[in-house]
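As structure tokens, the structure follows; a few thoughts come after it.
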Amino acid sequence: MADMLRSLEIEDNYRSNRSNIVSEFYVPCLSHANRYDRAVGYFSSKALALVARGLESFQGNEGRMRLIASPHLTEGDIEEIRSGYAYREVITKAVIRELDPDTDRPARELTGLGLLGQLVAQGTLDIKIAIVHGREGLALYHEKIGLISDRYGDELAFTGSMNETGSAFLDNFESIQVFKSWLESDRSRVGRLRTDFDELWAGRTPRLEVLDFPAVARERFVALGERALTTPPEDSGCEPRPLVVSEDLTTLGWARLPRGIELRDYQKTAIAKWLGANGRGMCQMATGTGKTITALAALDQIGRQLHARNGSLVTVIVVPLLDLAEQWSVELRNFGIAPIKCRDAAKSWEPALRNALAALRAKGRGSVTLVVTNKTFQGAAFQRVLSGIDLPLLVVADEAHHLGAEHLRSLLPEHAQFRLALSATPERWFDPLGTDALKDYFGDTLIELGLKEAIDLGALTRYRYYPILVPLAEDEVEQYTELTIKIGALIRSRDPESVADDDSSPLGLLLSKRAKVLGHARAKLPALKEALERHRESWFQLIYCAEGGVPLPEGGTGPRQVEQVMELVGHQMGLKAHPFTSREDKRERQGLLRAFATGRDLQVLVSMKCLDEGVDLPDARVAYMLASSMNPRQFIQRRGRILRRAPGKTTAEVIDFVVAPPQDPALFETERALFRRELARCVEFAGYADNHGEALAQLRDLRDYYQLLDV
62 MADMLRSLEI EDNYRSNRSN IVSEFYVPCL SHANRYDRAV GYFSSKALAL VARGLESFQG
122 NEGRMRLIAS PHLTEGDIEE IRSGYAYREV ITKAVIRELD PDTDRPAREL TGLGLLGQLV
182 AQGTLDIKIA IVHGREGLAL YHEKIGLISD RYGDELAFTG SMNETGSAFL DNFESIQVFK
242 SWLESDRSRV GRLRTDFDEL WAGRTPRLEV LDFPAVARER FVALGERALT TPPEDSGCEP
302 RPLVVSEDLT TLGWARLPRG IELRDYQKTA IAKWLGANGR GMCQMATGTG KTITALAALD
362 QIGRQLHARN GSLVTVIVVP LLDLAEQWSV ELRNFGIAPI KCRDAAKSWE PALRNALAAL
422 RAKGRGSVTL VVTNKTFQGA AFQRVLSGID LPLLVVADEA HHLGAEHLRS LLPEHAQFRL
482 ALSATPERWF DPLGTDALKD YFGDTLIELG LKEAIDLGAL TRYRYYPILV PLAEDEVEQY
542 TELTIKIGAL IRSRDPESVA DDDSSPLGLL LSKRAKVLGH ARAKLPALKE ALERHRESWF
602 QLIYCAEGGV PLPEGGTGPR QVEQVMELVG HQMGLKAHPF TSREDKRERQ GLLRAFATGR
662 DLQVLVSMKC LDEGVDLPDA RVAYMLASSM NPRQFIQRRG RILRRAPGKT TAEVIDFVVA
722 PPQDPALFET ERALFRRELA RCVEFAGYAD NHGEALAQLR DLRDYYQLLD V
């Protein structure tokens, strides 16, 4: 997409003798950004004015900026500290001194400070002051790094060796090194600088003390913004613009709704009901309707109430997948929060978490937020920390149905005062006890937003649905028939242990084998090729494959369908395609998602399960459903992936390959019972499609044969 950072021609370094760093780097990059994090040297008026370079276009994007600087101390300031004056008071005085609104300043400097003042007033810019506790007393923080991010998850990191002073910017040579997250060679450096900044902002860097921006200094910044806005340049003919000051929520780790996000009415209703239920409940919202934003906006609201009482809060966001943990972390940063990501070995997150909790207890106010995967959540190390949290606690469960499993629900903290569950399908398949346990823990359902309601409200895009009926080959019919006979016998036996609602029961295992035969039906590949030929020039296409390998009549499995599809799509048809499976590591999957979003680098993603839950892929326009499990949740989540809204996306297509049973009269009743559920999801999806008449007509003969016209 044209507004992605990666669409720019960005060099890996800039130097004053050969580059105009402002026009060639800052301005174009910030014009594509929605977040700018900057750590500089001195907090001086000249340096601040120059930090504002390129921010006019950034302000137009409704972006958010965070700035960390070290106070510019005079000899008098240093002498006062040596004489016993409280260093915090001296630092506050030094910061305020640089922002005196009555000081005569050059027009260029006033413009830069005024722009920053506007951003402070609007709540777009947060500032913190960093100092170093050295071996011989107070020292200054001189690190100089920057991170520029866009809304697609791409990120630039840059570092420079110059001092952030007026002379360095205007007179001295300046040089910066630039690293790009979408390049494999740069990715680790960008990640390291991102972690360094987030840890610094959260006050978790050893030897460094990070102070909140003084309230008096903030008032002076706002005054400078007012002065710049109400004093237009001579002969400009411009009318002074009013300055709107946002509520000063705080920078103590509380979430804040970004200015660029407008909540829909149903999201506001869900949040109001959650607050009315004392911070407990479940949001059952169709995939793609903004569950994450709803939860973070609820965190904003509960934070405002606790902040007003000088309270504190620890928020634990539990997610099933690493990809989801990354997506939540990106959204949290947009809400002004640097989360602690708890995953992998405990040594990578436990020290930072314990330090953050200790600092929160010491302050007595503020907020700490952590994102934890289900795997880490159930580990002994995390459970020890969780059980020891004696502060107000909020548990947010994304794809909450996972936590209904017995080994996970027993670990949910009973001392959590606030609880919020998110899921498009909170009911657990074959597990009514787990479903009830979730409701008992999180509370009542606050909102139910189904597919039709979401489309009518404009939360999901409109779509066309094409069910394509495919037959089974002779050997597949034999496998299918044998399994169907066994399934029918088990159902008729009514043996409680054999037909238990459990995937591992004898019935569950047979149903799984039968689903694999249907999912891997060979006729699907030529049917897929025919459908792909009609979309040969299209981008943003997803193919969902059956899991595992082709089941063989003599036992065992053959080639994986995902590999067969890649051979067809990539080799035979020559389309730009790539698998998206558990075999690709986290970084590679993130790179694939970014490449897919460009609309020029990757035409087709081929997946099995990795795109089922939570992965944000709003640009997808065409989805081919080669197989779905018997669990209705999988299809619901997959259709949500394709129906998410995105700029330039007006409609979507779902092409669903449905195996028509062989229609053996001897197996009619068993086939009818088993096919009812498959047909029900097809009919439901066809009924809400723009081409519902055409789609339903494709299914009429099967519905008529199996006497399922009532479905």
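With our numbering as the guide, the letters of the sequence shown map in order to residues 62 to 772. A virtual CB, placed ideally from N, CA and C, is assigned to each residue, including glycine.
The alpha helix (DSSP H) with P412 in it runs from where to where?
-> 411-424
Can F315 and S428 be called in contact, C-beta distance under 7 Å?
-> Residue identity differs from the one stated: residue 315 is Trp in this sequence, not Phe. Yes.
Taking C-beta to C-beta, are Y502 and V715 nearer than 7 Å?
-> With respect to V715, Y502 sits apart: the two C-beta atoms are not nearer than 7 Å.
If we call anything under 7 Å between Cβ atoms a contact, is Y685 one with I552?
-> For Y685 and I552, no; Cβs fall outside 7 Å.
Sequence-distant residues of its chain with Cβ nearer than 6 Å to V744 (five each side left out) | Taken in chain order, the residues that qualify are V772.
When burial is assigned at 16 or more other CB atoms within 10 Å of the CB, is V277 buried or exposed?
-> exposed
Touch check for the segment 751-767 and the segment 525-543: three-plus C-beta pairs under 8 Å?
-> The answer is yes - the segment 525-543 touches the segment 751-767, with three or more Cβ pairs under 8 Å.
Which first and last residues belong to the alpha helix (DSSP H) in which S390 is found?
-> Unbroken alpha helix (DSSP H) run through S390: 383-395.
Roughly how many angstroms lie between the CA atoms of L499 and E755, to the nearest whole one?
-> 40 Å
Could you tell me which of G660, A407, V377, T522 sits nearest to D459, measuring between CA atoms?
-> V377
Would you identify the three-state DSSP class for T602, choosing helix, strand or coil?
-> One point to set straight first is that residue 602 is Gln, not Thr, in the sequence displayed. Reduced to three states, the DSSP call for Q602 is strand.
Three-state class that DSSP yields for G714 in the structure shown = First, the residue type needs correcting, since residue 714 is Glu and not Gly in the sequence shown. Correct three-state label for E714: strand.
Proximity to L177 [Cα-Cα], best of R67, W600, K189, L116 | L116
Note down, one range per segment and in chain order, each beta strand (DSSP E) of at least 3 residues found wholly within the segment 701-769.
-> 712-720
Could you give the DSSP three-state label for V305: helix, strand or coil?
-> Because V305 sits at a pLDDT of 41, beneath the cut-off of 50, its placement in the model cannot be relied upon, and the point is left open.
Would you identify the three-state DSSP class for Y526, choosing helix, strand or coil?
-> strand
Classify Q633 as buried or exposed, calling it buried when 16 or more other Cβ atoms lie within 10 Å of its own Cβ.
-> exposed
Considering only residues of the same chain and omitting the five flanking positions on each side of A638, which have a CB-CB separation below 7 Å?
-> M627, V630, G631, Q664, V665, V667
Entirely enclosed beta strand (DSSP E) segments - the segment 596-641, minimum 3 residues | 602-605, 610-612, 618-621, 638-641
Could you tell me which of S84, S409, T545 sits nearest to P726, measuring between CA atoms?
-> T545
Sorted by chain position, which residues of the same chain lie with C-beta nearer than 6 Å to E260's C-beta, five sequence neighbours on each side aside?
-> T266
Would you mind sorting N339 into buried or exposed? The rule is 16 or more other CB atoms within 10 Å of its CB.
-> exposed
Roughly how many angstroms separate the alpha carbons of A707 and P679, rounded to a whole number?
-> About 6 Å.
For F696, does the three-state DSSP call read helix, strand or coil?
-> helix
Pull up the distance between the alpha-carbon of R99 and that of Q388, whole angstroms please.
-> Taking the Cα positions, R99 is about 22 Å away from Q388.
Check H203 in the structure and name its three-state DSSP category.
-> Residue state for H203 is assigned as coil, using DSSP reduced to three classes.
Just reading off the alpha helix (DSSP H) that E245 is part of, what are its end residues?
-> 245-262
Alpha carbon to alpha carbon, how far is L452 from K547?
-> 55 Å
Pairwise C-alpha distance: S84 and Q238 | Going from the Cα of Q238 to the Cα of S84 covers about 16 Å.
Exposure label - Q179; buried when at least 16 CB within 10 Å | buried
Indicate the three-state DSSP secondary structure (helix, strand or coil) for R99 in the structure shown.
-> strand
State buried or exposed for L30, treating a residue as buried only when at least 16 other CB atoms are found within 10 Å of its CB.
-> Nothing in the structure corresponds to residue 30, since the chain is present only between 62 and 772.
For the beta strand (DSSP E) holding N74, just list the boundary residues, first then last.
-> 74-76
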